[in-house]
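Trainee: I am attaching a structure below and will ask some questions about it afterwards.
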Amino acid sequence: MGENDRVYLVAASIIATIGIPGKVAPLEKTDLKSSSENGNKDGDIIVRKIKAFLDEKAIPSEKKNLILRTLENTLTTENINKIDNGETQLKRVFTKIVDDLGIYYKIGLTTDFTGKLFNEMYGWLGFTQDKLNDVVLTPSYVASLLVKLARVNKDSYVWDFATGSAGLLVAAMNEMLNDAKNSITSPEELTQKEIKIKTEQLLGLELLSSVYMLAILNMILMGDGSSNILNKDSLKDFDGKYGFGKTDSHFPADAFILNPPYSANGNGMNFVEKALSMMHKGYAAIIIQNSSGSGKAKDYCTRILEKHTLVASIKMPIDIFIGKSSVQTNIYVFKVNEKHHRDDIVKFIDFSNDGYTRTNRKKSTNNLKDTDQAKERYEELVNLVRFGKSKLKIFTDKEYYEGTIDPQNGADWNQTAPIDTKPTLADFKKTVSDYLAWEVSTLLKQNIDSLGK
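Numbering of the sequence shown is given in the numbering used here, commencing with residue 179 and proceeding in unit increments.
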């Protein structure tokens with residue numbers, strides 16, 4: 179079974195087993211009878227359940243047909259519906275998914291669901307190594323950080339040009355819905371705003387069809403912001419317009435969030451240049467290999483600075499993608515549509531110690547532990563980027579530095595606080611005392627040696 183088919187089977191099985199209380203009963207393992215009767219094969223039963231689910235979710239018909247068509251192609255193939263030892267391969271796969279992965283969607287859907295699921299499925303799905311490196315999903319707490327750095331609120335229009343499983347858009351949607359709840363008192367007005375956020379204020383593009391299906395699944399399960407998740411090449415085929423609904427209107431993006439594929443040009447700075455060029459205002463926060471800011475994407479970086487301002491450069495922990503990738507990443511924050519001047523202050527923050535300790539134990543239920551004020555450090559980081567040095571509390575002067583870059587250089591985005599190399603009186607005293615201690619120990623050793631003779 180190919181990689182894509184495996185993803186589609188997982189997505190189909192989960193949609194079929196979620197159900198909608200009082201309207202669509204979740205599909206149970208016992209509902210699959212492994213019958214050879216046309217129209218009542220296991221694949222047909224799962225397709226019917228998915229259709230009932232999507233109908234109740236009131237998904238745009240074009241999107242619904244696309245999902246059904248994609249999943250049906252896999253679910254109705256003869257091979258997986260063939261009966262062997264009284265059971266179809268499809269039933270065996272469905273049973274395995276429900277038994278092995280069920281816990282991940284029974285424990286409450288509040289954050290990037292398929293992100294967690296996808297990380298569990300890496301070995302199970304059998305992706306090739308190259309594809310794994312390009313589909314490294316952003317941890318949910320980093321996704322939330324990007325959303326805050328891009329200043330997302332209930333009125334934002336947020337897009338992501340390499341959506342993956344839609345984890346960043348899920349984080350944005352959560353932030354927008356929370357802001358709406360905290361600031362809108364009228365229940366009717368809040369309901370309308372929530373609908374608008376989910377259907378009109380989020381847009382994502384994903385080229386890999388299997389990962390795209392995970393993004394759709396994610397947003398459907400999160401309450402449905404799937405309307406404008408598009409299976410398109412954001413660099414070649416996207417014209418900036420809505421994919422569903424207001425298809426003649428441009429999406430008025432004012433917040434851009436991104437974790438691009440590593441293999442893309444300039445480590446992914448090509449996505450940044452394209453997205454920012456289609457925006458008129460707002461902020462962007464991207465997590466990317468830091469070599470892109472130290473010379474590997476020099477041409478992209480200089481072109482970006484001709485139109486946009488680099489606000490902050492944040493060095494992230496080396497093990498943030500532990501188990502998937504060990505490259506050094508930085509978060510770059512931009513102010514959109516405002517040229518970067520030589521005297522503009524850039525906030526350089528060393529966030530190598532983010533307060534979390536990470537492990538990569540397969541059987542562990544929690545590989546992320548807050549061991550040094552992680553929550554407070556993330557909060558302070560957001561405040562430092564927005565308001566500057568006055569918010570410095572936990573971080574030291576060695577970790578927070580305000581400096582400038584040369585907009586025509588393009589390789590000076592990863593600076594650190596200058597180290598004062600001028601020796602102090604204390605340094606001199608320590609050097610003298612170290613020398614004297616060495617001198618004394620040498621004399622004593624010589625005396626002991628001469629006595630021994």
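For each residue, glycine too, the CB sits at the ideal point set by N, CA and C. As the structure is a prediction and not an experimental result, all values here were calculated from the model.
1. Going by CA-CA distance only, name the one from ARG520, ALA433, GLY418 and ASP262 that's closest to GLU484.
2. Hey, how far is the Cα of LYS525 from the Cα of ASP222?
3. Within this structure, are the beta carbons of TYR335 and ALA433 separated by less than 8 Å?
4. Rounding to the nearest angstrom, what Cα-Cα distance links ASP528 and ALA321 in this structure?
5. Mapping the DSSP letters down to three states, classify LYS326 as helix, strand or coil.
6. If you reduce the DSSP assignment to three classes, tell me which class VAL276 lands in.
7. Quick one, which of GLU617, VAL450, ASP220 and ASN243 has its alpha-carbon nearest ARG481's?
8. Using 8 Å for Cβ pairs, my map puts SER669 next to GLY444. What's the rounded Cβ distance?
9. With burial defined as no fewer than 16 other Cβ atoms inside 10 Å of the residue's Cβ, what is the status of LYS332: buried or exposed?
10. Helix, strand or coil: which one does DSSP assign to ALA442?
11. Is the distance from the Cβ of SER491 to the Cβ of ASN508 below 8 Å?
12. Since I believe ILE192 is in contact with LEU395 (beta carbons under 8 Å), could you give me their beta-carbon distance rounded to a whole number of angstroms?
13. Is ASP338 buried or exposed, if buried means 16 or more other CB atoms sit within 10 Å of its CB?
14. Taking buried to mean at least 16 other C-beta atoms within 10 Å of its own C-beta, is GLY446 buried or exposed?
15. Can you give me the C-alpha to C-alpha distance between LEU621 and THR609, rounded to a whole angstrom?
16. Within the continuous beta strand (DSSP E) that includes THR507, where are the two ends?
17. For ALA350, name the three-state secondary structure that DSSP assigns.
18. Cβ atoms of VAL563 and VAL489: under 8 Å apart, would you say?
19. If I measure Cβ to Cβ from ILE465 and keep anything under 6 Å in the same chain, skipping five residues before and after, which residues do I get?
20. Are the CB atoms of GLY345 and THR369 nearer to each other than 8 Å?
21. Name the residue from SER441, ASN251, ALA203 and ILE237 whose alpha carbon lies nearest to the alpha carbon of LEU187.
22. Roughly how many angstroms separate the alpha carbons of ALA189 and GLU240, rounded to a whole number?
23. Return yes when the Cβ of LEU392 is within less than 8 Å of the Cβ of TYR556, no when it is not.
24. According to DSSP, ILE527 sits in a beta bridge with which residue or residues?
25. Assign PHE429 to one of two classes, buried (16 or more other C-beta atoms within 10 Å of its C-beta) or exposed (fewer than that).
26. Of the choices THR582, GLN586, PRO596 and ALA589, whose alpha-carbon is the least far from that of THR574?
27. Just tell me which of THR582, SER530, ASP183 and ASN406 has its CA closest to the CA of HIS518.
28. Quick check on TYR534: buried or exposed, where buried means 16 or more other Cβ atoms within 10 Å of its Cβ?
29. Nearest-angstrom Cα distance between GLU366 and LYS359?
30. Take ASP550 as the anchor and find which of ARG536, VAL560 and ASN561 has the nearest alpha-carbon.
31. For ALA230, which residues from the same chain have a beta carbon less than 7 Å from its beta carbon, with the 5 sequence-adjacent residues on both sides left out?
32. For the beta strand (DSSP E) that ALA595 lies in, which residues bound it at each end?
33. Within 10 angstroms of its Cβ, does THR306 collect 16 or more other Cβ (buried), or is it exposed?
34. Assuming ILE237 contacts SER427 (C-beta within less than 8 Å), just tell me the rounded distance between them.
35. Evaluate ILE258 with the Cβ neighbour count: other Cβ atoms within 10 Å of its Cβ, from every protein chain shown; 16 or more gives buried, anything less gives exposed.
36. How many angstroms separate the CA atom of LYS326 from the CA atom of LYS424?
Mentor: Let's see:
1. The residue you call residue 484 lines up with position 306 of the sequence shown. GLU484 has its Cα closest to that of ARG520, out of ARG520, ALA433, GLY418 and ASP262.
2. Numbered from 1 along the sequence shown, position 347 holds the residue referred to as residue 525. Numbered from 1 along the sequence shown, position 44 holds the residue referred to as residue 222. If you take the alpha carbons of LYS525 and ASP222, they lie about 57 Å apart.
3. The residue you call residue 335 lines up with position 157 of the sequence shown. The residue you call residue 433 lines up with position 255 of the sequence shown. Result yes, Cβ atoms of TYR335 and ALA433 sit closer than 8 Å.
4. Taking the sequence shown and counting its residues from 1, the one referred to as residue 528 is at position 350. Taking the sequence shown and counting its residues from 1, the one referred to as residue 321 is at position 143. Approximately 18 Å between the Cα atoms of the pair.
5. Start at 1 with the first residue of the sequence shown, and residue 326 comes out as number 148. Collapsing the DSSP output to three states places LYS326 in a helix.
6. As a first step, residue 276 must be located in the sequence shown, where it is residue number 98. In the structure shown, VAL276 sits in a helix (DSSP, three-state: H, G or I).
7. The residue you call residue 481 lines up with position 303 of the sequence shown. Looking at the Cα atoms, VAL450 is the closest of the given residues.
8. This structure cannot speak to residue 669, because the chain is shown only from 179 to 631.
9. Taking the sequence shown and counting its residues from 1, one reaches residue 332 at position 154. The residue in question, LYS332, is buried, as its Cβ has 16 or more Cβ neighbours within 10 Å.
10. For the purposes of this step, residue 442 is identified with residue 264 of the sequence shown, where counting begins at 1. Three-state result, ALA442: coil.
11. By one-based count along the sequence shown, residue 491 stands at place 313. By one-based count along the sequence shown, residue 508 stands at place 330. Closer than 8 Å, so yes.
12. Translated into the one-based positions of the sequence shown, residue 395 becomes position 217. Translated into the one-based positions of the sequence shown, residue 192 becomes position 14. The pair is a contact, with the Cβ atoms about 6 Å apart (cut-off 8 Å).
13. Taking the sequence shown and counting its residues from 1, one reaches residue 338 at position 160. So ASP338 ends up on the buried side.
14. Taking the sequence shown and counting its residues from 1, the one referred to as residue 446 is at position 268. Under this definition GLY446 is a buried residue.
15. Within the sequence shown, residue 621 is the residue found at index 443, counting from 1. Within the sequence shown, residue 609 is the residue found at index 431, counting from 1. Rounded to whole angstroms, LEU621 to THR609 spans 18 Å at the Cα level.
16. In the sequence shown, counting from the first residue as 1, residue 507 sits at position 329. Residues 507 to 513.
17. Taking the sequence shown and counting its residues from 1, one reaches residue 350 at position 172. In this structure, ALA350 counts as helix in the three-state DSSP scheme.
18. Residue 489 sits at position 311 when you count from the first residue of the sequence shown. Residue 563 sits at position 385 when you count from the first residue of the sequence shown. Contact flag set, yes.
19. On the sequence shown, position 287 is the one that residue 465 refers to. Only residues of its own chain outside the window of five on either side were considered, and among them ASN437, THR507 and ILE509 have a CB closer than 6 Å to the CB of ILE465, listed in chain order.
20. Indexing the sequence shown from 1 puts residue 345 at position 167. Indexing the sequence shown from 1 puts residue 369 at position 191. Taking 8 Å as the Cβ cut-off, GLY345 and THR369 do not qualify as a contacting pair.
21. Here residue 187 corresponds to residue number 9 of the sequence shown, with the count starting at 1. The shortest Cα separation from LEU187 among SER441, ASN251, ALA203 and ILE237 belongs to ASN251.
22. As a working note, residue 189 is residue 11 in the sequence shown. As a working note, residue 240 is residue 62 in the sequence shown. Between ALA189 and GLU240, the C-alpha separation is close to 19 Å.
23. Against the sequence shown, residue 556 aligns to sequence position 378. Against the sequence shown, residue 392 aligns to sequence position 214. By the CB criterion at 8 Å, TYR556 and LEU392 fall outside the cutoff.
24. Locating residue 527 in the sequence shown gives position 349, where the first residue counts as 1. Answer by DSSP bridge pairing, in chain order: ILE492 and TYR578.
25. Along the sequence shown, read from residue 1 onward, the residue named residue 429 stands at position 251. With 16 or more neighbouring CB atoms inside 10 Å of its own CB, PHE429 falls in the buried class.
26. The count along the sequence shown starts at 1 and reaches residue 574 at position 396. Here the closest residue by C-alpha is PRO596.
27. Working through the sequence shown from its first residue, we reach residue 518 at position 340. If we check each option's Cα against that of HIS518, THR582 comes out closest.
28. Taking the first residue of the sequence shown as position 1, residue 534 is located at position 356. Classification of TYR534: buried, given that the 10 Å Cβ count is 16 or more.
29. Position 188 of the sequence shown, counting from 1, holds the residue named residue 366. Position 181 of the sequence shown, counting from 1, holds the residue named residue 359. Per the coordinates, the alpha-carbon of GLU366 lies some 12 Å from the alpha-carbon of LYS359.
30. To locate residue 550, count along the sequence shown from 1; it is residue 372. Shortest Cα-Cα distance from ASP550 to any of ARG536, VAL560 and ASN561 involves ARG536.
31. To locate residue 230, count along the sequence shown from 1; it is residue 52. If we look at ALA230 and ignore the five residues flanking it on each side, its Cβ neighbours are VAL202.
32. For the purposes of this step, residue 595 is taken as residue 417 along the sequence shown, with counting starting at 1. Per DSSP, ALA595 belongs to no beta strand (DSSP E) and is neither H nor E.
33. Reading the sequence shown from its first residue, position 128 is the one you call residue 306. Bear in mind that a pLDDT of 47 at THR306, under 50, signals an unreliable position, so the number given afterwards is only what the model happens to contain. Label assigned to THR306: exposed.
34. For the purposes of this step, residue 237 is taken as residue 59 along the sequence shown, with counting starting at 1. For the purposes of this step, residue 427 is taken as residue 249 along the sequence shown, with counting starting at 1. Actually they do not touch by this definition, with Cβ atoms about 20 Å apart.
35. Translated into positions along the sequence shown, residue 258 becomes position 80. When all chains shown are included, ILE258 counts as buried.
36. By one-based count along the sequence shown, residue 326 stands at place 148. By one-based count along the sequence shown, residue 424 stands at place 246. A direct Cα-Cα distance of roughly 27 Å separates LYS326 from LYS424.
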